[in-house]
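Student: First the structure, then my questions, so here it is.
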């Protein structure tokens, strides 16, 4: 009897230790992580269907969007036929991520505060996916993150083109480091910095096997601000499912994301399925509660 009792006690303790380990790796989102939907706006399928960003400089600048209809002919005619979720630095540089079917490079198209456009090309590294789904400029400005598509356990760190003085349109834009994630993510369509060490990301994950929900809003907490000289780690938490409402049934597509630090408003594009892509695709607005 004593032996069986000790065995049962050992089994219980082992289970408790295992449970504690799981909870320490992936704690549930707390009430402080709640993002509440407060409204929505129609997203035009041609010009507002890929990404969006709020622009702070110059003062009074409006929000900017990307879609297939925003790609200049002079850009698409050279093979850069997909634009992702853009971002703007806090000193006014606006950056759009581009990819091409050739699969050998990706391009970042940059508009300086004065209005001049430049292109910075990055040659793909070994094992790097061709996708250039999004960019997120760190608040300090010198470094930016970019993302691949598919199931990934990393984010890519680059010097911010046009802002970081080490960059030049006439030279290859090098990958400087990575953010190593503690939990895989799938089909991330956009990320934006909330603080120097925290990102919010929109995932188009159709399976729901990674976090128990499809199309999740993710939070990534970094171990340190990206500095371009060493890798940092990122702790991933799923906060909620993005809204999936339409007059049509079928597959939704979560797209770009933007956090406006001036108002504390988070915005995410969700494209409706089928014919309703033309009528009720939305940019949803959220505030933290």
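Numbering (my numbering), first residue to last: 45 to 333. For every residue, glycine included, the Cβ atom is placed at its ideal position computed from N, Cα and C.
Hey, is residue 194's beta-carbon within less than 8 Å of any beta-carbon in chain C?
Tutor: The structure shown contains no chain C, having only a single protein chain.
Student: Within 10 Å of its beta-carbon, does residue 131 have 16 or more other beta-carbons around it, so buried, or fewer, so exposed?
Tutor: As a position in the chain shown, residue 131 is number 87, starting the count at 1. Residue 131 is buried by the Cβ-count criterion.
Student: Give me the residue from 290, 244 and 273 with the minimum Cα distance to residue 201.
Tutor: As a position in the chain shown, residue 201 is number 157, starting the count at 1. Checking every option, the nearest Cα to that of residue 201 belongs to 273.
Student: Mapping DSSP to helix, strand and coil, what is residue 322?
Tutor: Sequence index remark: in the chain shown, residue 322 carries index 278 (1-based). Residue state, collapsed to three classes: helix.
Student: Under 8 Å: do the segment 111 to 126 and the segment 315 to 323 share three or more Cβ pairs, one atom per stretch?
Tutor: With the cut-off at 8 Å, the segment 111 to 126 and the segment 315 to 323 do not touch.
Student: Give me whichever residues DSSP pairs with residue 101 in a beta bridge.
Tutor: Translated into positions along the chain shown, residue 101 becomes position 57. Partner(s): none; residue 101 has no beta bridge.
Student: State the Cα-Cα distance for the pair residue 323 and residue 89, rounded to the nearest angstrom.
Tutor: For this step, residue 323 is matched to residue 279 along the chain shown. For this step, residue 89 is matched to residue 45 along the chain shown. Approximately 9 Å, taken between the alpha carbons.
Student: List the whole-angstrom C-beta distance separating residue 204 from residue 105, where the pair is believed to meet the contact cut-off of C-beta under 8 Å.
Tutor: Counting from 1 along the chain shown, the entry for residue 204 is found at position 160. Counting from 1 along the chain shown, the entry for residue 105 is found at position 61. Incorrect: roughly 18 Å between the Cβ atoms, too far for contact.
Student: Are the beta-carbon atoms of residue 247 and residue 263 separated by less than 8 Å?
Tutor: By one-based count along the chain shown, residue 247 stands at place 203. By one-based count along the chain shown, residue 263 stands at place 219. Going by C-beta atoms, residue 247 is not nearer than 8 Å to residue 263.
Student: Using 8 Å as the threshold, is the C-beta distance between residue 190 and residue 141 below it?
Tutor: Locating residue 190 in the chain shown gives position 146, where the first residue counts as 1. Locating residue 141 in the chain shown gives position 97, where the first residue counts as 1. It is a contact, given that the beta carbons lie within the stated cut-off.
Student: Tell me which residues share the same chain as residue 99 and place their Cβ nearer than 8 Å to its Cβ, disregarding the 5 neighbours each side in the sequence.
Tutor: Looking up residue 99 in the chain shown gives position 55. Cβ neighbours of residue 99 beyond the five flanking positions: 105, 106, 107, 108, 132, 136 and 138.
Student: In terms of alpha-carbon separation, which member of 177, 197 and 119 lies closest to residue 275?
Tutor: Taking the chain shown and counting its residues from 1, the one referred to as residue 275 is at position 231. The candidate whose alpha carbon is nearest that of residue 275 is 197.
Student: Within its chain, find whatever has a CB closer than 6 Å to the CB of residue 265; leave out the 5 residues flanking it on each side and keep chain order.
Tutor: Here residue 265 corresponds to residue number 221 of the chain shown, with the count starting at 1. These residues qualify, in order along the chain: 242 and 279.
Student: Hey, could you find the ends of the beta strand (DSSP E) residue 162 is sitting in?
Tutor: Counted from its first residue, the chain shown places residue 162 at position 118. Segment 161 to 167, the beta strand (DSSP E) holding residue 162.
Student: For residue 143 versus residue 174, is the C-beta distance shorter than 8 Å?
Tutor: In the chain shown, counting from the first residue as 1, residue 143 sits at position 99. In the chain shown, counting from the first residue as 1, residue 174 sits at position 130. Cβ distance < 8 Å, so residue 143 and residue 174 count as in contact.
Student: What does DSSP give as the partner residues of residue 126 in its beta bridges?
Tutor: Translated into the one-based positions of the chain shown, residue 126 becomes position 82. 143, per the DSSP bridge assignment.
Student: Could you tell me which of 283, 150 and 219 sits nearest to residue 81, measuring between CA atoms?
Tutor: On the chain shown, residue 81 is found 37 positions in, with the first residue counted as 1. Closest by alpha carbon: 283.
Student: What is the DSSP secondary structure of residue 256, counted as helix, strand or coil?
Tutor: Here residue 256 refers to the residue found at position 212 of the chain shown. In the structure shown, residue 256 sits in coil (DSSP, three-state: anything other than H, G, I, E or B).
Student: Going by C-alpha distance, which of 325, 277 and 240 is nearest residue 292?
Tutor: For this step, residue 292 is matched to residue 248 along the chain shown. Nearest option by C-alpha distance: 325.
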